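Peer 1: After the structure tokens below, expect a handful of questions from me.
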């Protein structure tokens, strides 16, 4: 499941799901230049590990070009993502 929210607050999710979200979800904060133009800059808030198994928290990264809603939707609808580009 992929969830998209503008806020990572309890009121943004169904009641009683905080512990499950914190234990079993990935949260990536995405940035924009002016509130409208998306940037490839992201911050890993929770849910991903580095090569040593340590949790990445507040780790800044760059998203690959294919990581956008249209390409992901198309991937599951007959137009596979080319991960090489």
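Numbering (the UniProt record's numbering), first residue to last: 1 to 85.
Cβ atoms here follow ideal geometry from the backbone N, Cα and C, with glycine treated the same way.
Owing to the predicted nature of the structure, the values given are computational and were not obtained by experimental measurement.
1) Between the segment 60–79 and the segment 36–51, can you find at least three pairs of beta-carbon atoms closer than 8 angstroms?
2) May I have the straight-line CA-CA distance separating residue 55 from residue 17, to the nearest angstrom?
3) Suppose you measure from the CA of residue 28 to the CA of residue 46; what does that come to, to the nearest Å?
4) What separation, rounded to the nearest whole angstrom, lies between the Cα atoms of residue 48 and residue 23?
5) Looking at the secondary structure, which residues open and close the beta strand (DSSP E) in which residue 28 lies?
6) Using a Cβ-Cβ cutoff of less than 8 angstroms, which residues in the same chain neighbour residue 32 once the five nearest sequence positions on both sides are dropped?
7) Taking the runs of the beta strand (DSSP E) that are 3 residues or longer, which of them lie wholly in the segment 43–70?
8) Measuring alpha carbon to alpha carbon, tell me which residue in 69, 75, 13 and 84 is nearest residue 30.
Peer 2: Reading it off the structure:
1) yes
2) 21 angstroms
3) 7 angstroms
4) A direct Cα-Cα distance of roughly 11 angstroms separates residue 48 from residue 23.
5) 27–32
6) Counting only Cβ-Cβ distances below 8 angstroms, and skipping sequence neighbours, we find 38 and 39.
7) 59–62
8) 69
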